[in-house]
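Read through the structure below, which is laid out as structure tokens, and then see the notes.
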Amino acid sequence: MGDMANSSIEFHPKPQQQREAPHAGGFGCTLAELRSLMELRGAEALQKVQEAYGDVSGLCRRLKTSPTEGLANNANDLEKRRQIYGQNFIPPKQPKTFLQLVWEALQDVTLIILEVAAIVSLGLSFYAPPGEESEACGNVSAGAEDEGEAEAGWIEGAAILLSVTCVVLVTAFNDWSKERQFRGLQSRIEQEQRFSVIRDGQLLQVPVAALVVGDIAQVKYGDLLPADGVLIQGNDLKIDESSLTGESDHVRKSADKDPMLLSGTHVMEGSGRMVVTAVGVNSQTGIIFTLLGAGGEEEEKKDKKAKKQDGAVAMEMQPLKSAEGGETEEREKKKASVPKKEKSVLQGKLTKLAVQIGKAGLVMSAITVIILVLYFVIETFVVDGRVWLAECTPVYVQYFVKFFIIGVTVLVVAVPEGLPLAVTISLAYSVKKMMRDNNLVRHLDACETMGNATAICSDKTGTLTTNRMTVVQSYLGDTHYKEVPAPSTLTPKILDLLVHAISINSAYTTKILPPEKEGALPRQVGNKTECALLGFVLDLKRDFQPVREQIPEDKLHKVYTFNSVRKSMSTVIRMPDGGFRLFSKGASEILLKKCTNILNSNGEPRGFRPRDRDDMVKKIIEPMACDGLRTICIAYRDFPAAQEPDWDNENEVVGDLTCIAVVGIEDPVRPEVPEAIRKCQRAGITVRMVTGDNINTARAIAAKCGIIQPGEDFLCLEGKEFNRRIRNEKGEIEQERLDKVWPKLRVLARSSPTDKHTLVKGIIDSSTGEQRQVVAVTGDGTNDGPALKKADVGFAMGIAGTDVAKEASDIILTDDNFTSIVKAVMWGRNVYDSISKFLQFQLTVNVVAVIVAFTGACITQDSPLKAVQMLWVNLIMDTFASLALATEPPTESLLLRKPYGRDKPLISRTMMKNILGHAVYQLTIIFTLLFVGELFFDIDSGRNAPLHSPPSEHYTIIFNTFVMMQLFNEINARKIHGERNVFHGIFSNPIFCTIVLGTFAIQIVIVQFGGKPFSCCPLSTEQWLWCLFVGVGELVWGQVIATIPTSQLKCLKEAGHGPGKDEMTDEELAEGEEEIDHAERELRRGQILWFRGLNRIQTQMEVVSTFKRSGSFQGAVRRRSSVLSQLHDVTNLSTPTHVILSAANPTSAAGSES
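Right, dumping it as structure tokens:
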């Protein structure tokens, strides 16, 4: 057959080739033909194929490929195909240039205010009023003239502009590097992802981008299709096309009814082979991407055009809609514009806090400016009774500009613009480090949500256990063997039947390969249960490969593939005598009900009545299950040649079976799991096991893991019983019934994917406890998708997981191990704590600086801290501190406390006590220095200095002391739960030490050599020591504060609560959106710098177009059996928010370093 197909390609009738050559470079189909073909569905498509090509193999001939042998692996031919039909690659949007990012950073409101102030100030400093009249304007500028420093007036303006430039460049560089890392990551994902194709008759794994039109691709359960194609041969293939059509029902595909397979859709059942007909921008997903402007052009320019083209777009996309045309089009558009569901808990709290701080800052700065202006006006024009002279205008304006700059300074200090930076750094740093702990984070906020998790619903297989299934007990020929029997003890007939039943009736992609390294275990590829059975064949000293070569896959007459409803798999082969033989394997409780015979010790069938079955269940199956084994029944049935059954009537065909054997398969518990589960329980997290296994196996494993302890009050339920308890008479799920079940439920066995989803949804929606539960779920199968999406944090398995599961998840466990989840909890809690540390530090600075600037300005008409100094303080306090405090490594002690709830405030009472306590200390010192400092140090007073006067020692000392106190308070801020030892673990964070010392060094330079721009004058050693002494006082004062019991301070309020209960409804998309927009409007009104930053966390990283969510083309990571590539497994970015900084080196022991 293969040769025939090949020869038909070679001897293509010459005239026809001549006729078609011009339009397709020697191929029998043009690009346009194939594109229009792929827009048809079902019967229409089939009709078109038959009219144009005769059948699918006719299409293959036109494309010069063989349905069985595939393309020749010939580089020239492949290249030619790429040139004619395109590459399987969708070009990403153009990244923003550095200048665009600079321009975006400049849009910041506060920066704009500062720029304006600086420019006005600069302009005025160059305007010198005529000398002789200066007397008439009062003594306003006399002091400066005497000093002869009038020409230095421009320095302040220039310094402000310089610091603005710094801020802008830093922001832009951050965004730019992040964007670059993203691009790198994206391209790596695309190279990583592979797909099975047949070339030269060999099954190869090629990178998805290397697929060409005419390739023959193998598709199987769990795949995400990378290109469009036409089905050549399929076994029970079902596809989820919801990503393209919005239809949730699975579509059955077969070569004779609906052979069209589309890129971006998921294979939910079965397997098959297809010929690739459209790739890249010509595939259905590619067309949609191009329509959405992901092809690279700027949307802005196209907006106007797009409106006109809307009609055309709808027409072009019509074939994608089944019956409901434009409706899904609308839905897709909505989908494309809706951002990721509700903001994460942390972002919600921060947004609220920001609004509050911003408003306060704005009010303070406005009052400051008004008071200064009034004071000046009253003093000059009322008290001194001067008249406003025209030539004096510039002098007065200069004063007003100075007041305005002071006002802006107060605002700049009040707004914690370092907060978004702290959040970004903390999350990005954690994500990078989590890679080493085998957690690949796809959605940034999942990282922090994980710290609040209160419940984990875990799969059993592969997560709690090793996922290396092995047959340990068997029942063959009336004998129960406790270990693998010697082949000699078995009747040849039984042995032969068993080997055939196992070898043929399992996916041919499942194999056992020799170990990669000496002394390692043989590699299991494919379905683990089937691997166990194939392993059993090898243990019986037989081989499955010769059997498979004798009966290749295309000779199989009918395959009923495994799915969660059947819980069995059957394969029919044609016997030499013309009859048929069916092999079946599946869960023993299901399959034994269909058996009417069983093989005895001589290999002869004998009757198997229901009474015998009950006997077998009691004596064989239950003891196996109590040992934690999964039991699988293997059976067969012969059909005579005379009457061929109706193969579509599955219940008739798979019945009346003869049982060959029952085997007990075990998946041993991973050695490190019990300890990890103990840590979770200590940290206040309930672990529940949800599995498809039977209840005895599940209970045995749960006890081994420590999920259930003897003497505890817990429930272990089967899916059926669970459903009976939670549904009312009408069969509807009732929340109050669920609330009676879930708190005690520890094991849910024989559960279907819907049960898992119901349980997760029920726990999340429950309002019984004092706080809403935050649920994490692990899953690996395609059917776990809904539960992973519904959960607060979905973990997918990197090795065993299907593309669909990875697509729906938030974090991918690259080693499929439960201990990695515990690490994720630790990192999540650490993020939360880092941000709290930063807030505690930041708000102390803010409170002090605002009060100092405000009172200073009102009492002495001049802020003791100048604009440039404030910007420097802002730089250390915000940017550096966020770096220092956000990169604290996590410690095991984080797992000793209960999770914070969703509604726990960001700033706890203890933190509030610290903030106010330190503020009191700092204000006392600064005001003492401001009003009696000159007496204490015996220097000139800096108060009431005229405009442009040189910097005074007095104010330099105040500035220096202020910075010293902040530096030492930064050390205090490392602990937020009232711990005494603030130095604990300080050397495990080199970044922190570097930043504190670095800031100190720069401060020395500024004070000693900063001069006029920084309004500083050099200090003596004695003055420096006093400043340091006061700074160290912060540490002592910190101990004093720690002594005051927080419980006594009932008056302290907490701040930064999460959104209220009512706002957190299930319709997060609708209400959550509005509530957040409202907050954003508030912020615009307050014109606050940093809210953008918060949003930037999401948008900075937006590399892929928003549409990604709906039908991600670049797909998710392919499974990889080799450990090395797992570590670099990085999944695709299906929504805009993911950041994954880098696949770090494989140190799963990173925990031990911290």
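Counting in my numbering, the sequence shown runs without a single skipped number right up to 1154 at its last residue.
Glycine residues also receive a C-beta, built at the ideal position from the N, C-alpha and C atoms.
Whole-angstrom distance between residue j and residue i, CA atom to CA atom
i: V996; j: A414; result: 22 Å
i: V49; j: K257; result: 12 Å
i: S893; j: G985; result: 12 Å
i: G856; j: K975; result: 31 Å
i: F1029; j: Q1023; result: 10 Å
i: G58; j: T68; result: 13 Å
i: V822; j: L906; result: 23 Å
i: D784; j: F404; result: 59 Å
i: Q1008; j: A919; result: 27 Å
i: V431; j: K352; result: 25 Å
i: D303; j: F89; result: At D303 the pLDDT is 40, less than 50, meaning the model places this residue with poor confidence and gives no usable figure here.
i: M268; j: V847; result: 58 Å
i: A700; j: R750; result: 14 Å
i: S908; j: G901; result: 12 Å
i: A824; j: M450; result: 7 Å
i: F639; j: L556; result: 15 Å
i: I573; j: G579; result: 9 Å
i: P668; j: T461; result: 9 Å
i: F962; j: L1049; result: 27 Å
i: V197; j: V206; result: 7 Å
i: P95; j: L101; result: 10 Å
i: A453; j: T1046; result: 26 Å
i: V1005; j: I112; result: 29 Å
i: I119; j: A853; result: 22 Å
i: Q1039; j: I695; result: 55 Å
Residue range of the alpha helix (DSSP H) that includes residue i
i: P623; result: E622 to C626
i: C1027; result: T1021 to T1043
i: G917; result: R909 to F937
i: F1155; result: The structure shown does not extend to residue 1155, since the chain is modelled only from 1 to 1154, so the question has no answer here.
i: A532; result: K528 to D539
i: T285; result: Q284 to L291
Beta strand (DSSP E) segment containing residue i, residue limits
i: F962; result: Unbroken run through F962 is the alpha helix (DSSP H), E953 to N972; no beta strand (DSSP E).
i: R199; result: R194 to R199
i: N874; result: Careful: N874 lies outside any beta strand (DSSP E), inside the alpha helix (DSSP H) at A867 to N874.
i: K756; result: Run containing K756: none in the beta strand (DSSP E); it sits in the alpha helix (DSSP H), P753 to D765.
i: V267; result: H266 to A278
i: S882; result: No beta strand (DSSP E) holds S882; the alpha helix (DSSP H) holding it covers A881 to A886.
i: I378; result: I378 -> no beta strand (DSSP E), and no H or E assigned at all.
Residues near residue i by beta carbon distance below 6 Å, same chain, minus five either side
i: D627; result: none
i: G42; result: D258
i: K1196; result: For residue 1196 there is no data in the structure shown, the boundaries of the chain being 1 and 1154.
i: E286; result: Correcting the residue type first, residue 286 is Gly in the shown sequence and not Glu. Taken in chain order, the residues that qualify are I90 and G280.
i: D223; result: V267
Close-in-space but distant-in-sequence residues of the same chain around residue i (CB under 8 Å, 5 per side omitted)
i: T491; result: G477, S601, N602 and G603
i: H23; result: At H23, the pLDDT of 49 sits below 50, so the modelled position is not reliable; the number obtained from the coordinates is stated separately. The residues are T30.
Nonlocal neighbours in the same chain, by C-beta distance under 7 Å from residue i, ignoring five residues either side
i: Q869; result: F959, F1014 and S1015
i: A635; result: S584, L591, C595, L657, T658, C659 and I660
i: D459; result: V690, T691, T778, G779 and D780
- [ ] Check whether the stretch 719–733 touches the stretch 921–936, taking contact to mean three or more Cβ pairs, one atom from each stretch, closer than 8 Å.
- [x] Judged by Cβ distances under 8 Å, the stretch 719–733 makes no contact with the stretch 921–936, as fewer than three pairs qualify.
TODO: Enumerate, from N- to C-terminal direction, the unbroken alpha helix (DSSP H) stretches of 4 or more residues contained entirely within the stretch 786–820.
DONE: DSSP runs (the alpha helix (DSSP H)) wholly in the stretch 786–820: 803–808.
Task: 4 or more residues per run - each alpha helix (DSSP H) lying fully within the stretch 636–720 - done: List check, alpha helix (DSSP H) in window: 650–653, 673–682 and 695–705.
Open item on the list: Does the stretch 657–671 come into contact with the stretch 507–526, if we say contact requires no fewer than three beta-carbon pairs (one atom in each stretch) closer than 8 Å?
Closed with: Taking a contact to require three or more Cβ pairs closer than 8 Å, the stretch 657–671 and the stretch 507–526 do not qualify as touching.
Task: alpha helix (DSSP H) segments (min. 4 residues) lying fully within the stretch 383–439 - done: Given a length threshold of 4 residues, each whole run of the alpha helix (DSSP H) inside the stretch 383–439 is given here in chain order: 393–414 and 418–436.
- [ ] Tell me the start and end of each unbroken alpha helix (DSSP H) in the stretch 49–122 that is at least 4 residues and wholly inside, in chain order.
- [x] Qualifying alpha helix (DSSP H) stretches, in chain order: 56–62, 75–85 and 98–106.
- [ ] Enumerate, from N- to C-terminal direction, the unbroken beta strand (DSSP E) stretches of 3 or more residues contained entirely within the stretch 200–239.
- [x] DSSP runs (the beta strand (DSSP E)) wholly in the stretch 200–239: 202–207 and 216–220.
Task: the stretch 67–87 contacting the stretch 204–215, beta-carbon criterion three pairs below 8 Å - done: The stretch 67–87 makes contact with the stretch 204–215; the number of CB pairs closer than 8 Å reaches 3 or more.
Open item on the list: Counting beta carbon pairs with one atom in the stretch 948–968 and one in the stretch 1032–1047, are three or more of them shorter than 8 Å?
Closed with: The stretch 1032–1047, when compared against the stretch 948–968, does touch it at the 8 Å Cβ threshold.
Open item on the list: Count Cβ pairs between the stretch 674–687 and the stretch 733–741 that sit closer than 8 Å; are there 3 or more?
Closed with: Below 8 Å, too few C-beta pairs join the stretch 674–687 and the stretch 733–741 to call them touching: fewer than three.
Open item on the list: Under 8 Å, with one C-beta from each stretch per pair, do the stretch 492–510 and the stretch 526–537 reach the 3-pair mark?
Closed with: Yes, the stretch 492–510 is in contact with the stretch 526–537.
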